[in-house]
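Trainee:
In the working numbering, the protein residues as written are 86 to 363.
1. Between the segment 327 to 337 and the segment 120 to 130, are three or more C-beta pairs nearer than 8 Å?
2. Mapping DSSP to helix, strand and coil, what is residue 212?
3. Can you have a look at residue 232 and say buried or exposed, based on whether 16 or more other CB atoms are within 10 angstroms of its CB?
4. For residue 107, count neighbouring C-beta atoms within 10 Å of its own C-beta (all shown protein chains included) and say buried if the count is 16 or more, exposed if not.
5. Buried or exposed for residue 151, going by 16 or more other Cβ atoms inside 10 Å?
6. Report the partner residues of residue 242 according to the DSSP bridge assignment.
7. Look at the Cβ atom of residue 219, then the Cβ atom of residue 208, and state whether they are nearer than 7 Å.
8. If we require 4 or more residues per run, which alpha helix (DSSP H) segments fall completely within the segment 305 to 345?
9. Alpha carbon to alpha carbon, how far is residue 154 from residue 184?
10. Using only CA atoms, which one of 214, 149, 105, 247 lies nearest to residue 310?
11. So what does DSSP say about residue 108, is it helix, strand or coil?
12. Straight-line CA distance for residue 87 to residue 101?
13. Measure the C-alpha to C-alpha separation of residue 186 and residue 330 and round it to an integer number of angstroms.
14. Looking only at C-alpha atoms, which of 256, 267, 286, 253 sits nearest to residue 242?
15. With a CB to CB cut of under 8 Å and the five nearest residues on each side skipped, what residues in its chain are close to residue 29?
16. Which stretch, first to last residue, makes up the alpha helix (DSSP H) that contains residue 76?
17. Grouping DSSP H, G and I as helix and E and B as strand, with all else coil, what is residue 389?
18. Using three-state DSSP, classify residue 255 as helix, strand or coil.
The structure is reproduced here in structure tokens:
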């Protein structure tokens, strides 16, 4: 009887796990069926025309890549260094507790609030205007809680005996962190960066206020230029443009998901390489 119950529970858990994946595979399959027919070389390499009804999505793709790279540059150094401070250097005092509380609160703030914050601070007060740097800084701040939290967990998972052995051999605190702790926790840090990239690439609300433009027939050349972006472009052609071909909307959605999944796959590959080298 116990074995039968165990078998039922095991299969029940497996079925629930499989069912939780069905919506994801369903969405991906639906986008492939609807969006893949629209994908061709011209669609990927030409500029939008006639408010997106014709032409391609080169400008939104390039804009999304600009914002993604900018977000990484802004968020990764600050996020990782903050986590290192909290785990390796900070004592259990009011400052550490305050920072941890702020991180938790930042993670729960709606993305549209980040957009308004970026508009007020970077676009207006700092004078960057509607630009890639304003959008990257906004998305970078929004990504910090994920990177800090995942990096903290990865650092805390490193056994203390590794730190003690390094210090006993004469290494300084920073040398121990740089040469021992960080390599041992790199897979967890990369995971956090992956999650932040995926979120930044798919966000719409923050970039509406700080960087995105509905239509643009040229590519950005500097971080002070405004740009199109796939999430906002998809929103515009789906809600604001009349007589929009459905294949263009699904094709844009397919490319957005493809880029997001692509970043995740690259990050997963890098993480697996780090784990094998340990």
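Each residue gets a CB set at the ideal place from its N, CA and C atoms; glycine is no exception.
All values derive from a computational prediction rather than experimental measurement.
Mentor: Let me lay it out:
1. yes
2. Counting from one through the chain shown, the residue named residue 212 turns up at place 127. Coil.
3. Position 147 of the chain shown, counted from the start, is the residue given in the question as residue 232. Under this definition residue 232 is a buried residue.
4. As a first step, residue 107 must be located in the chain shown, where it is residue number 22. Residue burial is scored here from C-beta neighbours: residue 107 has fewer than 16 other C-beta atoms within 10 angstroms and is therefore classed as exposed.
5. In the chain shown, counting from the first residue as 1, residue 151 sits at position 66. It counts as buried.
6. As a working note, residue 242 is residue 157 in the chain shown. BP columns for residue 242 are empty, so no partner.
7. Position 134 of the chain shown, counted from the first residue, corresponds to residue 219. Position 123 of the chain shown, counted from the first residue, corresponds to residue 208. Against a cut-off of 7 Å, the Cβ pair of residue 208 and residue 219 comes out as a contact.
8. 315 to 324
9. By 1-based counting over the chain shown, the position of residue 154 is 69. By 1-based counting over the chain shown, the position of residue 184 is 99. Between residue 154 and residue 184, the C-alpha separation is close to 26 Å.
10. Against the chain shown, residue 310 aligns to sequence position 225. Residue 310 has its Cα closest to that of 214, out of 214, 149, 105, 247.
11. Locating residue 108 in the chain shown gives position 23, where the first residue counts as 1. Residue 108: helix per DSSP, three-state reduction.
12. Position 2 of the chain shown, counted from the first residue, corresponds to residue 87. Position 16 of the chain shown, counted from the first residue, corresponds to residue 101. Each residue's alpha carbon lies about 21 Å from the other.
13. The residue you call residue 186 lines up with position 101 of the chain shown. The residue you call residue 330 lines up with position 245 of the chain shown. Rounded to whole angstroms, residue 186 to residue 330 spans 47 Å at the Cα level.
14. Working through the chain shown from its first residue, we reach residue 242 at position 157. Selected option, being the one with the closest Cα: 267.
15. Since the first residue shown for the chain is 86 and the last is 363, residue 29 is missing from the structure and cannot be characterised.
16. Any answer about residue 76 is impossible in this case: the structure gives the chain only from 86 up to 363.
17. Within the shown structure, residues of the chain are numbered from 86 to 363, placing residue 389 beyond reach of any answer.
18. As a working mapping, residue 255 is identified with position 170 in the chain shown. Residue 255 falls in the coil class under three-state DSSP.
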